[in-house]
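The block underneath contains the structure these notes are about, expressed in C-alpha cells.
Numbering (mature numbering (1 follows the signal peptide of the UniProt record, and there is no 0)), first residue to last: -21 to -1, 1 to 354.
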C-alpha cells in the first residue's frame, strides 16, 4: 500500500456538498435534533470555549474533509452489524481478507478460515472521521506492524457510519461501533482461542474512542492495551461515558499531536506522550492552520515506532502542562510507540522532540542523514 497522505485541497465540490447537506427537511431536522439532544451540552461547551465552528480533516482518500459544529445529519443508519467490517492481515496475507459475509457478524470460524491464529498477538486498528479501509491510518500501520512481527492485524472499517460532513452523527456512533468490535473479541475468546492478554487496540481520532468502547463492552475480561492516537476532542469535552479513559484496558497510552483543536489536551491514559508539546504545528507540517497534518502525525509516529527498537525516547514530566511546555526531566525515561517504555511509578506524562521529515525519530533520522551523505 502506498504511503501517501491526501493533499489538503479546499475544492468547490466539497464546499458545495457541505452547503447542500445543511439544507434538510424541517421535520427531519426536528427528529435529528431530538435524537442528538444529549450532545447539546457538548456543542454548547465547544462554542463556549471559543473553538471554531468549521473543522478540516484530510486523513481520508477523498481529499479535504470539511465539517461544521454543529451540523446535524441523520442520513446514516445505526446498523452497526451491517456497517462495520472486519479485515484480517497477517504476514501470509499482507493484502488482507474481509472476514465473514458483508452485513453479517463474523464468527470465530470466519476469522480462523481467514488465517487468524490464537498463537499470534492481535492488533486491532481503527480509523477516524471520514475514513475507511483505504485510508492512510491503515496504509501506514499495517505494513509496519507486520514488518515488526507476525501479528493478527484486524482492521475495523466503520466508514459507512462516519461519513463526512456529518461529524455529530459520527461522534454518536463510537459507542455502538465499539460494542460491535467487543462482540467480535468476545466471540474470538469463546471460540477462537484468543487470550485478552494478547489484544492491543489502536485507534486514531474518533477511532480512539471506538477502542475505548470496545474495552468498556468486552464481557470476557479486560483488553491488555489501548493506544489512543490523538483521540478526538470535538464533542468529547463534557460527556465521559463513551470517551477514552484509563479504565478501558490494563494499559492505556496516548499520543497527543494536535491537542487543543482536533485532539484531547488532557492526560487521559496511564501514559501520555506529548511529542513537540503535543500541539500543532508538528515539525514539518508548516503553519498547519487546520491541524489536519499534525493530527495525522500521531499514527505516523506509531507506525514508525514499529520499525525502530527504542525509538522516540521521551522525558518524564510532572504534569501534562509541563509536557506541553517541554519543562521536563533531562533524563530519558520512556519510549513512545509500539515498544512502549515508561516509569510505572511516575506521573505518566512524557515530552519528546521529533524530526521534521521521515524518519521522525531523531536517532534514526541522524543515521539516515549520515548514510545519505556517505552515498
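Glycine is no exception: its CB is placed at the ideal position from the N, C-alpha and C atoms.
When burial is assigned at 16 or more other CB atoms within 10 Å of the CB, is residue 261 buried or exposed?
Mapped onto the chain shown, residue 261 falls at position 282. It counts as buried.
Should residue 238 be labelled buried (16 or more other beta-carbon atoms within 10 Å of its own) or exposed?
Against the chain shown, residue 238 aligns to sequence position 259. Label assigned to residue 238: buried.
Pick from 226, 186, 177 and 74: whose alpha carbon is nearest that of residue 195?
Here residue 195 corresponds to residue number 216 of the chain shown, with the count starting at 1. Out of 226, 186, 177 and 74, 226 has the C-alpha closest to the C-alpha of residue 195.
Apart from the five residues on each side of it in sequence, which residues of its chain come closer than 6 Å, Cβ to Cβ, to residue 39?
If you number the chain shown from 1, residue 39 lands on position 60. Because the pLDDT of residue 39 is 46, which lies under 50, any placement of that residue in the model is unreliable, and the number read from its coordinates should be weighed accordingly. Closer than 6 Å at the Cβ level, and outside the excluded window around residue 39, lie 109, 110 and 114.
Kindly indicate the opening and closing residues of the beta strand (DSSP E) around residue 66.
Position 87 of the chain shown, counting from 1, holds the residue named residue 66. Per DSSP, residue 66 belongs to the beta strand (DSSP E) from 64 to 69.
Considering only the alpha carbon of each residue, which of 163, 17 and 112 lies closest to residue 76?
For the purposes of this step, residue 76 is identified with residue 97 of the chain shown, where counting begins at 1. Minimum Cα distance to residue 76 is reached at 112.
Identify the continuous beta strand (DSSP E) that holds residue 331 and give its terminal residues.
Here residue 331 is taken as the residue at index 352 of the chain shown, counted from 1. Counting along the chain, the beta strand (DSSP E) containing residue 331 begins and ends at 328 to 331.
Compare the Cα-Cα distances from residue 167 to each of 118, 270, 31 and 98 and report the closest residue.
Translated into the one-based positions of the chain shown, residue 167 becomes position 188. Answer by Cα proximity: 98.
Taking 6 Å as the limit between beta carbons, can you name the residues of its chain near residue 325, skipping five residues before and five after?
As a first step, residue 325 must be located in the chain shown, where it is residue number 346. The residues are 295.
My output table needs one value for residue 145: the three-state DSSP class, helix, strand or coil.
Locating residue 145 in the chain shown gives position 166, where the first residue counts as 1. Coil at residue 145, not helix or strand.
Quick one: measure Cβ to Cβ for residue 281 and residue 208, integer angstroms, because I've assumed they're closer than 8 Å.
Translated into the one-based positions of the chain shown, residue 281 becomes position 302. Translated into the one-based positions of the chain shown, residue 208 becomes position 229. Sure, about 6 Å apart at Cβ, within 8 Å.
Check residue 44 in the structure and name its three-state DSSP category.
For this step, residue 44 is matched to residue 65 along the chain shown. Residue placement at residue 44 cannot be trusted, given a pLDDT of 49 that sits under 50; what the coordinates show is reported in the next sentence. It is a strand residue.
Have a look at 156, 67, 84 and 107 and flag the residue whose alpha-carbon is nearest the alpha-carbon of residue 92.
One-based indexing of the chain shown puts residue 92 at position 113. Out of 156, 67, 84 and 107, 67 has the C-alpha closest to the C-alpha of residue 92.
Between which two residues does the alpha helix (DSSP H) harbouring residue 196 extend?
Taking the first residue of the chain shown as position 1, residue 196 is located at position 217. Unbroken alpha helix (DSSP H) run through residue 196: 185 to 196.
Would you call the stretch 310 to 326 and the stretch 140 to 154 touching, i.e. three or more CB-CB distances under 8 Å?
Contact fails: fewer than three Cβ-Cβ distances are below 8 Å.
Counting Cβ pairs closer than 8 Å, one from the stretch 241 to 252 and one from the stretch 334 to 341, do we hit at least three?
no
Label residue 220 either buried or exposed according to how many other C-beta atoms from any shown protein chain fall within 10 Å of its C-beta, with 16 as the threshold for buried.
Walking along the chain shown from the start, residue 220 turns up at place 241. Looking at its Cβ environment, which holds fewer than 16 other Cβ atoms inside 10 Å, residue 220 is exposed.
Would you mind giving the Cβ-Cβ distance between residue 256 and residue 304, rounded to the nearest angstrom? I have them listed as a contact below 8 Å.
Along the chain shown, read from residue 1 onward, the residue named residue 256 stands at position 277. Along the chain shown, read from residue 1 onward, the residue named residue 304 stands at position 325. At roughly 7 Å, the Cβ-Cβ gap stays under 8 Å, so residue 256 and residue 304 are in contact.
Please state if the CB of residue 203 and the CB of residue 173 are separated by a distance shorter than 8 Å.
By one-based count along the chain shown, residue 173 stands at place 194. By one-based count along the chain shown, residue 203 stands at place 224. Against a cut-off of 8 Å, the Cβ pair of residue 203 and residue 173 comes out as no contact.
Within 10 angstroms of the Cβ of residue 328, are there 16 or more other Cβ atoms? Answer buried if so, exposed if not.
Along the chain shown, one-based indexing puts residue 328 at 349. Looking at its Cβ environment, which holds 16 or more other Cβ atoms inside 10 Å, residue 328 is buried.
Identify the residues that DSSP records as bridge partners of residue 211: which are they?
Position 232 of the chain shown, counting from 1, holds the residue named residue 211. DSSP lists 242 as partners of residue 211.
For the candidate residues 335, 88, 232 and 29, whose alpha-carbon lies nearest to that of residue 272?
Residue 272 sits at position 293 when you count from the first residue of the chain shown. Nearest of 335, 88, 232 and 29 to residue 272, Cα basis: 335.
Which value, in whole angstroms, describes the spacing of the CA atoms of residue 198 and residue 349?
Position 219 of the chain shown, counted from the start, is the residue given in the question as residue 198. Position 370 of the chain shown, counted from the start, is the residue given in the question as residue 349. Roughly 51 Å between the two C-alpha positions.
Straight-line CA distance for residue 102 to residue 62?
Working through the chain shown from its first residue, we reach residue 102 at position 123. Working through the chain shown from its first residue, we reach residue 62 at position 83. C-alpha separation (whole angstroms): 21 Å.
Excluding the 5 residues preceding and the 5 following residue 400 in the sequence, name in chain order all residues of the same chain whose CB lies nearer than 7 Å to its CB.
Only positions -21 to 354 of the chain appear in this structure, which leaves residue 400 out of reach.
Return the first residue and the last residue of the beta strand (DSSP E) that residue 231 is part of.
Taking the first residue of the chain shown as 1, we reach residue 231 at position 252. Taken as a continuous stretch (DSSP letters only), the beta strand (DSSP E) holding residue 231 covers 230 to 234.
Counting C-beta neighbours from all protein chains within 10 Å, is the total for residue 116 16 or more, i.e. buried, or is it exposed?
Position 137 of the chain shown, counted from the start, is the residue given in the question as residue 116. Flag for residue 116 reads buried.
Identify whether residue 76 lies in helix, strand or coil by the three-state DSSP scheme.
As a first step, residue 76 is located in the chain shown; it is residue number 97 there, counting from the start. The answer is strand: DSSP assigns residue 76 an E or B state.
Using beta-carbon positions only, say whether residue 211 and residue 184 come within less than 8 Å of one another.
For the purposes of this step, residue 211 is identified with residue 232 of the chain shown, where counting begins at 1. For the purposes of this step, residue 184 is identified with residue 205 of the chain shown, where counting begins at 1. Yes, Cβ-Cβ distance for residue 211 and residue 184 is below 8 Å.
Would residue 289 be called buried (16 or more neighbouring beta carbons within 10 Å of its own) or exposed?
Locating residue 289 in the chain shown gives position 310, counting from the first residue. Residue 289 is exposed by the Cβ-count criterion.
What residues in its chain sit with their C-beta under 7 Å from that of residue 222, if we drop five residues either side in the sequence?
Numbered from its first residue, the chain shown carries residue 222 at position 243. Hits under 7 Å: 188, 191 and 215.
Would you mind sorting residue 351 into buried or exposed? The rule is 16 or more other CB atoms within 10 Å of its CB.
Numbered from its first residue, the chain shown carries residue 351 at position 372. Classification for residue 351: exposed.
Rank 318, 181, 283 and 322 by C-alpha distance to the C-alpha of residue 297 and give the top, closest one.
Position 318 of the chain shown, counted from the start, is the residue given in the question as residue 297. Nearest of 318, 181, 283 and 322 to residue 297, Cα basis: 322.
Could you tell me if residue 21 is buried or exposed, where buried requires 16 or more neighbouring beta carbons within 10 angstroms of its beta carbon?
The residue given as residue 21 occupies position 42 in the chain shown. Buried.
Do you know offhand how far residue -18's Cα is from residue 263's?
Residue mapping note: residue -18 aligns to position 4 of the chain shown, counting from 1. Residue mapping note: residue 263 aligns to position 284 of the chain shown, counting from 1. A caution first: residue -18 carries a pLDDT of 38, below 50, which makes its placement in the model unreliable, though a value can still be read off. So the two alpha carbons sit approximately 15 Å from each other.
Hey, out of 308, 182, 319 and 165, whose CA is closest to residue 285's CA?
Taking the first residue of the chain shown as position 1, residue 285 is located at position 306. When only C-alpha atoms are compared, the closest one is 319.
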